[in-house]
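Reviewing the structure listed below.
There are 2 protein chains.
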Amino acid sequence: MDTPKHQPPALPAAEMICFSLYSATHAMQHAYKPLLEALGLTYPQYLALVALWGEDGQTVGQLGAALQLESNTLTPLLKRMEAQGLVVRARDTRDERQVRVTLSAAGREMQARAADIPRCILEKSGLTLEALLALRDQVNSLRDQLRAD
Amino acid sequence: MDTPKHQPPALPAAEMICFSLYSATHAMQHAYKPLLEALGLTYPQYLALVALWGEDGQTVGQLGAALQLESNTLTPLLKRMEAQGLVVRARDTRDERQVRVTLSAAGREMQARAADIPRCILEKSGLTLEALLALRDQVNSLRDQLRAD
DNA sequence: TGCGATTTAATCGTGTGCGATCTATTTAGC
DNA sequence: GCTAAATAGATCGCACACGATTAAATCGCA
Numbered sequence: 012m013d014t015p016k017h018q019p020p021a022l023p024a025a026e027m028i029c030f031s032l033y034s035a036t037h038a039m040q041h042a043y044k045p046l047l048e049a050l051g052l053t054y055p056q057y058l059a060l061v062a063l064w065g066e067d068g069q070t071v072g073q074l075g076a077a078l079q080l081e082s083n084t085l086t087p088l089l090k091r092m093e094a095q096g097l098v099v100r101a102r103d104t105r106d107e108r109q110v111r112v113t114l115s116a117a118g119r120e121m122q123a124r125a126a127d128i129p130r131c132i133l134e135k136s137g138l139t140l141e142a143l144l145a146l147r148d149q150v151n152s153l154r155d156q157l158r159a160d
Numbered sequence: 012m013d014t015p016k017h018q019p020p021a022l023p024a025a026e027m028i029c030f031s032l033y034s035a036t037h038a039m040q041h042a043y044k045p046l047l048e049a050l051g052l053t054y055p056q057y058l059a060l061v062a063l064w065g066e067d068g069q070t071v072g073q074l075g076a077a078l079q080l081e082s083n084t085l086t087p088l089l090k091r092m093e094a095q096g097l098v099v100r101a102r103d104t105r106d107e108r109q110v111r112v113t114l115s116a117a118g119r120e121m122q123a124r125a126a127d128i129p130r131c132i133l134e135k136s137g138l139t140l141e142a143l144l145a146l147r148d149q150v151n152s153l154r155d156q157l158r159a160d
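Chains A and B, in that order, are what the protein sequence lines are. Under my numbering, residues 12 to 160 are what the first sequence spells out, in order. Under my numbering, residues 12 to 160 are what the second sequence spells out, in order.
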């Protein structure tokens, strides 16, 4: 299992950064999987919870801005989380176009149960917190540049 | 401070690197989208073609090792590419368990039509080739460490 | 005040990713 | 040789992502 037996052919230079991000994202999700499975969460659901722990009662649009996802992805995701009893979705009484997503008691309690995950991932990364934050800044900068278009 | 109308709340430090990769991957796919649409390709299909341009006639398993995907993802993806006339799938005569994926004439011609894409993406990234390669190495290193588990 | 433009979610269809399982083929041990 | 184990793809079910469209609510301006 630690013997690749096949050497993947080199990709053209400019493709490799895209493939690096692509495969690193998958590896990251793989690292989170066992930790999240114990909590019955998927990776995007966990990210949504992290956002809500930071600020509860966000609208679908605000969550979309935070997670960079559209309503066509968020609506079914949030419905599944509501079915699990993690959040409550309710139309804003002031502006009925908006749907506010609020943590339930179970959703708030999940924060304590997930408290060790960041440290776990930091350990698995084999990097210091400083190195990880520096890498994060570079990746964010690339992302923002790509978005600017 | 050109703050947009909503400031996404800060995520805990160790989560931010995972979210950085997650959103940068999406931004990267978004940057490729218009270029690939003109060729009638999706992003994973393009990655599969890049791998095959590097080495034609790989087995499904070899492609999976190169792209870090399992057969449950690759089989339908390759079937769609075969339906589009980009590749041919055929059982290996020596070992009928294996399926070899071979570029068609259209698949080979696509390489010339896609030749400008890497330069295009490099430009959109706003980085020098050297900076991009350095970032790639850091991301690859993190990915490999996470895989080591 | 009235009504078209805008904003916000929801819906629909297609294409990944992946865990779990299944089938066909090959290899290994006796 | 013959069967158990291993290997390689394929299949199934579920959960994202996202382009395109739709429906409801609000806003803006004559």
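Note that CB positions come from ideal geometry on N, CA and C, so glycine has one too.
My understanding is that residue 146(B) touches residue 149(A), with C-beta atoms under 8 Å, so please give their C-beta distance in whole angstroms. If you number the second sequence from 1, residue 146(B) lands on position 135. If you number the first sequence from 1, residue 149(A) lands on position 138. So it is a contact: roughly 6 Å between Cβ atoms.
Can you grab the Cα-Cα spacing for the pair residue 96(B) / residue 36(A), in whole Å? Taking the first residue of the second sequence as position 1, residue 96(B) is located at position 85. Taking the first residue of the first sequence as position 1, residue 36(A) is located at position 25. In a straight line, the C-alpha of residue 96(B) is about 30 Å away from that of residue 36(A).
Whole angstroms is fine: what's the gap from residue 89(B)'s alpha carbon to residue 98(B)'s? Counted from its first residue, the second sequence places residue 89(B) at position 78. Counted from its first residue, the second sequence places residue 98(B) at position 87. Cα to Cα, residue 89(B) sits roughly 8 Å from residue 98(B).
Contact residues within the region 27-53 of chain A, judged by C-beta distance below 9 Å to chain B: Along the region 27-53 of chain A, the positions whose C-beta sits under 9 Å from a C-beta of chain B are 27, 28, 29, 30, 31, 32, 33, 34, 35, 36, 37, 38, 39, 40, 41, 42, 43, read in chain order.
State the Cα-Cα distance for the pair residue 21(B) and residue 61(A), rounded to the nearest angstrom. Here residue 21(B) corresponds to residue number 10 of the second sequence, with the count starting at 1. Here residue 61(A) corresponds to residue number 50 of the first sequence, with the count starting at 1. In this prediction, residue 21(B) has a pLDDT of 49, which is less than 50 and means its spatial position is unreliable; nothing more can be read from the coordinates.
What three-state label does DSSP hand residue 73(B) in the structure shown? If you number the second sequence from 1, residue 73(B) lands on position 62. Helix.
Output the boundary residues of the beta strand (DSSP E) element that contains residue 101(B). For the purposes of this step, residue 101(B) is taken as the residue at position 90 of the second sequence. 98-102 is the span of the beta strand (DSSP E), which, as asked, contains residue 101(B).
Distance between residue 66(B) and residue 56(B) (C-alpha atoms, nearest Å): Position 45 of the second sequence holds residue 56(B). Position 55 of the second sequence holds residue 66(B). Going by the C-alpha atoms only, they are around 15 Å apart.
Neighbour-count burial assignment, residue 44(A), 16 or more Cβ in a 10 Å radius: For the purposes of this step, residue 44(A) is taken as the residue at position 33 of the first sequence. For residue 44(A), the number of other beta carbons within 10 angstroms of its own is below 16, and it is reported as exposed.
Report yes if the CB atom of residue 157(A) is closer than 8 Å to the CB atom of residue 39(B), and no otherwise. For this step, residue 157(A) is matched to residue 146 along the first sequence. For this step, residue 39(B) is matched to residue 28 along the second sequence. Their beta carbons are under 8 Å apart, which means residue 157(A) touches residue 39(B) by this criterion.
Quick one: give me the first and last residue of the alpha helix (DSSP H) that residue 114(B) is part of. Reading the second sequence from its first residue, position 103 is the one you call residue 114(B). Per DSSP, residue 114(B) belongs to no alpha helix (DSSP H); it is in the beta strand (DSSP E), 110-114.
Within-8 Å CB hit, residue 97(A) to chain B: Taking the first residue of the first sequence as position 1, residue 97(A) is located at position 86. No, its Cβ sits nowhere closer than 8 Å to a Cβ of chain B.
Complete beta strand (DSSP E) runs within the region 17-67 of chain B (minimum length 3 residues, chain order): Qualifying beta strand (DSSP E) stretches: none in this window.
From residue 128(A) to residue 155(A), what does the alpha carbon distance come to, in whole angstroms? Along the first sequence, read from residue 1 onward, the residue named residue 128(A) stands at position 117. Along the first sequence, read from residue 1 onward, the residue named residue 155(A) stands at position 144. Each residue's Cα considered, the two are about 27 Å apart.
Does the CB of residue 100(A) have a neighbour CB from chain B at under 8 Å? For the purposes of this step, residue 100(A) is taken as the residue at position 89 of the first sequence. Taking Cβ atoms only, chain B never reaches closer than 8 Å to residue 100(A), which makes this a no.
Could you give the first and the last residue of the continuous alpha helix (DSSP H) run that contains residue 94(A)? On the first sequence, position 83 is the one that residue 94(A) refers to. Residue 94(A): member of the alpha helix (DSSP H) spanning 82-94, first to last residue.
DSSP three-state assignment for residue 134(A), whether helix, strand or coil: As a position in the first sequence, residue 134(A) is number 123, starting the count at 1. Looking at residue 134(A) - three-state DSSP - the assignment turns out to be helix.
Show which residues of chain B have a CB atom less than 7 Å away from the CB atom of residue 83(A). Translated into positions along the first sequence, residue 83(A) becomes position 72. For the C-beta of residue 83(A), not a single chain B residue is nearer than 7 Å; the gap to the nearest is close to 14 Å.
How long is the line joining the alpha carbons of residue 139(B) and residue 107(B), rounded to whole angstroms? As a first step, residue 139(B) is located in the second sequence; it is residue number 128 there, counting from the start. As a first step, residue 107(B) is located in the second sequence; it is residue number 96 there, counting from the start. Cα to Cα, the separation comes out at about 46 Å.
Presumed contact (8 Å Cβ cut-off) between residue 30(B) and residue 58(A), rounded CB distance: Taking the first residue of the second sequence as 1, we reach residue 30(B) at position 19. Taking the first residue of the first sequence as 1, we reach residue 58(A) at position 47. 6 Å between Cβ atoms; contact.
Does residue 146(B) come within less than 8 Å of chain A when only Cβ atoms are used? Mapped onto the second sequence, residue 146(B) falls at position 135. Cβ-Cβ to chain A under 8 Å: yes for residue 146(B).
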